[in-house]
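Quick notes on the structure that follows.
Numbering (my numbering), first residue to last: 2 to 65.
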């Protein structure tokens, strides 16, 4: 997810996206532990996406 897209999301959307991404990452990690993923960089990309979402959340909380 690009930063421009993240900036346009509402606070509720940010929270929902973070939750969904965390669940997806947990599933990917479990799947990868059982049998290697075809593209293990998915985990890295998802982790970075979660970090971007959390950064935007923190930024908005400090502004309020």
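Every residue, glycine too, gets a C-beta built ideally from N, C-alpha and C. These numbers come from a predicted model, not from an experiment.
Whole-angstrom distance between residue j and residue i, CA atom to CA atom
| i | j | result |
| --- | --- | --- |
| residue 63 | residue 15 | 15 Å |
| residue 60 | residue 31 | 31 Å |
| residue 37 | residue 12 | 35 Å |
| residue 49 | residue 4 | 11 Å |
Beta-carbon gap between residue i and residue j smaller than 8 Å
| i | j | result |
| --- | --- | --- |
| residue 18 | residue 10 | yes |
| residue 33 | residue 51 | no |
| residue 26 | residue 54 | no |
| residue 7 | residue 57 | yes |
Residue i (DSSP reduced to helix, strand or coil)
| i | result |
| --- | --- |
| residue 23 | helix |
| residue 50 | helix |
With 16 other Cβ atoms within 10 Å as the buried cut-off, status of residue i
| i | result |
| --- | --- |
| residue 22 | buried |
CB contact check: residue i to chain B, cutoff 8 Å
| i | result |
| --- | --- |
| residue 44 | In the displayed structure, chain B is absent; only one protein chain is listed. |
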